[in-house]
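Heads up: the structure comes next, in structure tokens.
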Amino acid sequence: MRWPARRKGRARSGALVSFPADRRANVAMIFALCVPVLVAGTGLAVDLTRLFASDVKLQKSLDAAALAAAKEFGKTRDPATLQSIAEAYFYLNAGRDPSETTGFHFDGVETKNGNAVLKVSATRNVPTYFGGTVMALFGGTDKGSFNLAKSSEIVVQNRSIEMALVLDNSGSMAYAPAGGGTTKMTTLKSATKMLVNQLMVASDSNVQYPVSMSVVPFSGAVNVGPTNATAAWMDTKGLSPSHHDDFDWSTWKKLGIPQAVPLHLGSYKYWVSLTGEYLTRFYLYKKMRSPVAWKGCVQSRPEGLAVTDDAPSESRPATLFVPTFAPSEHNWTGQLAKLRNDYYPDGGPSTNGQTDYANLVKQRDMNKYFGSDGSNPSINASAAGPNLVCNTKPLTPLTTSKATILSSVSQMEPLGGTNIMEGLAWGWRTLTDRQPFPEGRAAGTENNMKVLILMTDGENTYNAVHANGDQVDMPSGGRSQYGTYGYAQFVEDGALRTGRMFDSTKKTVKKADIDNVTEAMDENMTSVCENMKSDGRYADGSDGIVVFTIAFDLDDTSPVKKRLKACASSGVSGNGAKLYYDARNAADLAAAFSSITEEISSLRIAR
54 MRWPARRKGR ARSGALVSFP ADRRANVAMI FALCVPVLVA GTGLAVDLTR
104 LFASDVKLQK SLDAAALAAA KEFGKTRDPA TLQSIAEAYF YLNAGRDPSE
154 TTGFHFDGVE TKNGNAVLKV SATRNVPTYF GGTVMALFGG TDKGSFNLAK
204 SSEIVVQNRS IEMALVLDNS GSMAYAPAGG GTTKMTTLKS ATKMLVNQLM
254 VASDSNVQYP VSMSVVPFSG AVNVGPTNAT AAWMDTKGLS PSHHDDFDWS
304 TWKKLGIPQA VPLHLGSYKY WVSLTGEYLT RFYLYKKMRS PVAWKGCVQS
354 RPEGLAVTDD APSESRPATL FVPTFAPSEH NWTGQLAKLR NDYYPDGGPS
404 TNGQTDYANL VKQRDMNKYF GSDGSNPSIN ASAAGPNLVC NTKPLTPLTT
454 SKATILSSVS QMEPLGGTNI MEGLAWGWRT LTDRQPFPEG RAAGTENNMK
504 VLILMTDGEN TYNAVHANGD QVDMPSGGRS QYGTYGYAQF VEDGALRTGR
554 MFDSTKKTVK KADIDNVTEA MDENMTSVCE NMKSDGRYAD GSDGIVVFTI
604 AFDLDDTSPV KKRLKACASS GVSGNGAKLY YDARNAADLA AAFSSITEEI
654 SSLRIAR
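Just so we're aligned: the sequence shown equals residues 54 to 660 in the numbering used here.
This is the structure in structure tokens:
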């Protein structure tokens, strides 16, 4: 009997035989081995994601805190105040997660490379979700939490700020705004002092880049200070082509003998006395009967120079500054005769009915100033006199003295008309390194910012007849009151010509009536503003002088309101929103100055 052949492997267990070929068993084994790794990896990813998010948030919160404190550093040096502000901003952004322990520290301000550097720091303990699991699987230290440590520092005062405060001191500032409340002048002083106190906190401390300010009060004119009567930039010899617009020295005689000798400097004519003294407006102030002191105001320069900052030089006489001197006006009558500035009545007949030319020829006669015409030697005390248009206190050149600036603001008084162009021009002149006030740094100086703030409550007015700014045509030969441009018309070379306010205009009709005089003032205002912003303009297009403008209690239909907005810089960089504020009441004005303070404080910050 033959037994069947035995098959190889038959005696092995079925499970044992099939196991090596069973793919399901391989997967199970691999999965069992990988589970701990997958759990640990997933947990680690979750923890790292959370840690990264917390790290970013902590840094951003510190940056915000440093920036907020740096802005405030422009207003206060008190460490407790700075810490309080920085801490508040930090936790506002970082939050207070109860599962995390967060610590903030204000590290103070120190000097690095000549700059003031403000520093803050923070720590945060971030718990992990899977730190214990990782340890159980692989051993090692239990990473139950991670400690983050971050810091942020910001450079402050890396820029010097030169700021001109050009402030309206016209008569309308004596009244309350339409919305009521205190007078506009009271409100202006309060808001300005707030800005000064906040921005000039460094004036009495040892900082590399303090804020310097000038104050330019303006009404119908700007007062450059009577102490500058002999300054090289003043026309002390009568050389400027506008110096003698309202005076004919050839008429001055004693016993029929001429007392003035004409001389020439190139094409410019000037006069000296028989004793060799220069015959000028300064001479008149000192030598006329009943002498008076020059208060310090100057005329607008002729030949288009009123809207420029060309350096004054005797080699170019038109660039020199001529003192204001309102002539004693010849007789004219009518409803507005009370405005006649006839402080030396000449006793002659009324000029009503005469031509403007005849009126002005008589008005230019010099004998009345010296009594050599036989006229009444007494002075009309009710008339304004030679200083008619000079109503403001002297301007204050750039200084780092907070006390000086605050004193200048406190002394401001509301009186007179409104000549915004003159205010802007002299604000500009206080910011440059050129004469007449060269306290400013050169245009383009690294880390130096030039800023001008203009505040006005009214239209440009040459004939300040009414408190509300309404103007009328004058029946006098000059067709206007006397102002920084002289009259709306005057006599030159034996003929009438339009006034000096038209020397700088390109669009305004050159006609001696109040509408065109006002339009000329508006155009000149725009011209000086554009020229000023262009002075030292940067390659990126930002203005060389950053201009902020504030319209206070101005009607929406005001043509000056549009010009104020156009005058304002388009942001500090030249491509932002207009730095223009429309203040309707005291609260708006305070808010405008506060906003400007914040903007200027930000200018002093760099990472």
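Just so you know, even glycine gets a beta-carbon here, dropped at the ideal spot from N, CA and C. Every value quoted in this text rests on a predicted model; they were computed, and no experiment measured them.
Check                                                                                                                          : Outcome
Cβ-based neighbour list, aspartate 257, same chain, cut-off 6 Å, excluding 5 preceding and 5 following                         : Confidence at aspartate 257 is low in this model, with a pLDDT of 43, below 50, so the placement of that residue should be treated as unreliable; the coordinate-derived value is given next. Answer for aspartate 257: no residue qualifies.
Beta-carbon proximity list for phenylalanine 490, same chain, < 6 Å, skipping 5 on both sides                                  : Pro450, Arg482 and Thr483
Inter-stretch contact (C-beta, 8 Å, three-pair minimum) for the region 383-396 and the region 303-317                          : no
Residue environment, serine 655, which counts as buried when at least 16 other CB atoms sit within 10 Å                        : exposed
Inter-stretch contact at 8 Å, needing at least 3 Cβ pairs: the region 368-382 / the region 456-463                             : no
Contacting residues, own chain, Cβ-Cβ under 8 Å from alanine 436 (five flanking each side not counted)                         : Ser381, Arg393, Asn394, Asp395 and Tyr396
Rounded Cβ spacing between threonine 509 and glycine 273 (contact assumed at less than 8 Å)                                    : Rounded, the Cβ-Cβ distance is 13 Å, inconsistent with contact.
contact_flag[the region 486-502, the region 466-473] where n(CB pairs < 8 Å) is 3 or more                                      : no
The alpha helix (DSSP H) enclosing valine 581, as first and last residue numbers                                               : 567-587
Tryptophan 675 - containing beta strand (DSSP E), residue span                                                                 : Here the chain has residues from 54 to 660 only, and residue 675 is not among them.
Terminal residues of the beta strand (DSSP E) in which phenylalanine 605 lies                                                  : 598-605
Three-way DSSP call (helix, strand, coil) for glutamate 215 in this model                                                      : strand
One or two residues paired with threonine 176 in a DSSP bridge                                                                 : Gly156 and Ala202
Identity of the residue in Pro528, Met502 and Gly497 nearest glutamine 388 by Cα                                               : Pro528
Outcome for glycine 476 when other beta-carbon atoms lying within 10 angstroms are tallied against a minimum of 16             : buried
Alpha helix (DSSP H) segment containing glutamine 534, residue limits                                                          : Note, glutamine 534: premise wrong, no alpha helix (DSSP H); not H, not E.
Unbroken beta strand (DSSP E) run spanning leucine 451, endpoints                                                              : 449-452
CB contact flag (phenylalanine 335, alanine 390, <8 Å)                                                                         : no
Arginine 616 burial status per 10 Å Cβ neighbour count (16 or more: buried)                                                    : buried
Arginine 637 and proline 230 closer than 8 Å at C-beta                                                                         : yes
Proline 263, buried or exposed, once every other Cβ within 10 Å from all chains shown has been counted against 16              : buried
Cβ shell of histidine 158 (< 6 Å), same chain only, five flanking positions each side left out                                 : Ser174
Where the beta strand (DSSP E) containing asparagine 710 begins and where it ends                                              : Residue 710 lies beyond the residue range present for the chain, which begins at 54 and ends at 660; the question has no answer from this structure.
Isoleucine 458 to leucine 171 span [Cα, whole Å]                                                                               : 28 Å
The beta strand (DSSP E) enclosing valine 249, as first and last residue numbers                                               : First-last for valine 249: 237-252, but that is the alpha helix (DSSP H), not the beta strand (DSSP E).
Where phenylalanine 378 falls: helix, strand or coil (DSSP)                                                                    : coil
Rounded separation between lysine 614 and cysteine 582 - CA only                                                               : 14 Å
Proline 376 versus alanine 123 - alpha carbon distance                                                                         : 46 Å
CA-to-CA distance, phenylalanine 605 to aspartate 641, given in whole angstroms                                                : 9 Å
Residues sharing a beta bridge with serine 267, DSSP                                                                           : Ala217
Outcome for threonine 194 when other beta-carbon atoms lying within 10 angstroms are tallied against a minimum of 16           : Model confidence at threonine 194 stands at a pLDDT of 49, short of 50, so the residue's coordinates are unreliable; what they give is reported in the following sentence. Classification for threonine 194: exposed.
Cβ neighbours of asparagine 433 in the same chain (closer than 8 Å, five flanking residues each side left out)                 : Asp395, Tyr396, Tyr397 and Pro398
Helix, strand or coil at serine 647 [DSSP, three-state]                                                                        : helix
One or two residues paired with glutamine 388 in a DSSP bridge                                                                 : DSSP, once it has assigned bridges, lists no residue as partnering glutamine 388.
Cut-off 8 Å between Cβ atoms - residues of its own chain near valine 351, not counting five sequence neighbours on either side : Ala274, Val275, Val277, Met287, Phe374, Val375, Pro376, Thr377 and Thr537
Three or more C-beta pairs below 8 Å linking the region 208-226 and the region 500-507                                         : yes
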